[in-house]
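Colleague: One structure coming up, written as structure tokens, with questions to follow.
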Amino acid sequence: MFGEVSWYVYSVEFQQRGLPHAHIVISLADQNKPKTPEDIDKICQAELPIVPEDVNDPDYVKQKKLRKLVELLMVHTPCEQNPHAYCRKNMKPHWKMCKKRFPKPFENFSRLIDDDYAILRRPNNGEHSRYFLFLADLCYQLQFECKCNKSARRHLQQTTPSQV
Numbered sequence: 001m002f003g004e005v006s007w008y009v010y011s012v013e014f015q016q017r018g019l020p021h022a023h024i025v026i027s028l029a030d031q032n033k034p035k036t037p038e039d040i041d042k043i044c045q046a047e048l049p050i051v052p053e054d055v056n057d058p059d060y061v062k063q064k065k066l067r068k069l070v071e072l073l074m075v076h077t078p079c080e081q082n083p084h085a086y087c088r089k090n091m092k093p094h095w096k097m098c099k100k101r102f103p104k105p106f107e108n109f110s111r112l113i114d115d116d117y118a119i120l121r122r123p124n125n126g127e128h129s130r131y132f133l134f135l136a137d138l139c140y141q142l143q144f145e146c147k148c149n150k151s152a153r154r155h156l157q158q159t160t161p162s163q164v
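In structure tokens:
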């Protein structure tokens with residue numbers, strides 16, 4: 001899916017409700033590692049999938065399902081106005097970002113940062129997703145990989161470091 005794997009390590013833990021939760025680190029072989037912002041955009045994104053307007057388009061059904069999946073599973077609930085949110089516990093009320101570093105800033109282009117995670121494109125294009133009672137823009141969009149999310153139909157969050 002991503003190319004040749006150099007090594008991987010994983011840890012499975014059980015959450016409070018008893019469900020398993022895995023953390024997986026995969027290092028790709030040098031020839032498959034993302035080296036440019038365009039490579040990052042092919043692997044991971046933080047935008048809502050585009051659904052073709054034409055219902056006869058061959059990708060219409062597939063993209064519509066993916067978008068619904070992303071809106072349901074891959075949006076951080078806007079938490080700035082909710083001091084009781086789990087991600088804001090033990091935080092000062094005037095702090096803008098929560099522990100998960102949301103809301104993320106809008107970005108017109110993806111960028112690679114030395115010794116840090118890649119910054120993904122999050123254009124301020126007015127797109128919103130409805131997450132239960134909340135309306136969330138791309139500042140609250142989690143990173144995801146299309147192929148993994150489509151096949152697993154689960155919350156699969158992917159982060160892409162610039163170097164490992």
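Numbering (full-length UniProt numbering), first residue to last: 1 to 164.
Glycine included, every Cβ here is placed at the ideal spot set by N, Cα and C.
Using 10 angstroms around the beta-carbon of phenylalanine 102, count the other beta-carbons present and answer buried if the total reaches 16, otherwise exposed.
Modeller: Answer is buried; the Cβ neighbour count reaches 16.
Colleague: Got a sec? Which residues, its chain only, sit under 8 Å from methionine 97 by beta carbon, not counting five neighbours each side?
Modeller: Result list for methionine 97: Pro103, in chain order.
Colleague: Going along the chain, which residues of its own chain have a beta-carbon closer than 6 Å to the beta-carbon of leucine 135, five neighbours each way excluded?
Modeller: So the list reads His128, once near-sequence residues are dropped.
Colleague: With C-beta atoms as the reference, is leucine 112 less than 8 Å away from isoleucine 40?
Modeller: Yes, the Cβ-Cβ distance between leucine 112 and isoleucine 40 is below 8 Å.
Colleague: Should proline 93 be labelled buried (16 or more other beta-carbon atoms within 10 Å of its own) or exposed?
Modeller: Exposed, because fewer than 16 other Cβ atoms sit within 10 Å of the Cβ of proline 93.
Colleague: Quick check on the burial criterion: 16 or more other C-beta atoms within 10 angstroms. Buried or exposed for leucine 69?
Modeller: Looking at its Cβ environment, which holds 16 or more other Cβ atoms inside 10 Å, leucine 69 is buried.
Colleague: Sort Glu71, Pro105, Trp7 by Cα distance to valine 25 and report the nearest one.
Modeller: Here the closest residue by C-alpha is Trp7.
Colleague: Using three-state DSSP, classify valine 70 as helix, strand or coil.
Modeller: Helix.
Colleague: Answer yes or no: the CB of isoleucine 24 versus the heavy atoms of the ligand SAM, is any distance below 7 Å?
Modeller: Absence of the ligand SAM from the depicted structure is noted, as is the absence of any ligand whatsoever, leaving it without description.
Colleague: Is it true that the CB of leucine 48 sits closer than 8 Å to the CB of glutamine 141?
Modeller: Yes, Cβ-Cβ distance for glutamine 141 and leucine 48 is below 8 Å.
Colleague: Identify which residue in Gly126, Asp59, Ala118, Ser11 has its Cα closest to the Cα of threonine 36.
Modeller: Nearest C-alpha to threonine 36: Ala118.
Colleague: Evaluate valine 75 with the Cβ neighbour count: other Cβ atoms within 10 Å of its Cβ, from every protein chain shown; 16 or more gives buried, anything less gives exposed.
Modeller: Answer is buried; the Cβ neighbour count reaches 16.
Colleague: Going by the DSSP bridge assignment, what does arginine 130 pair with across the sheet?
Modeller: The partner list for arginine 130 (beta bridge, DSSP) reads Leu135.
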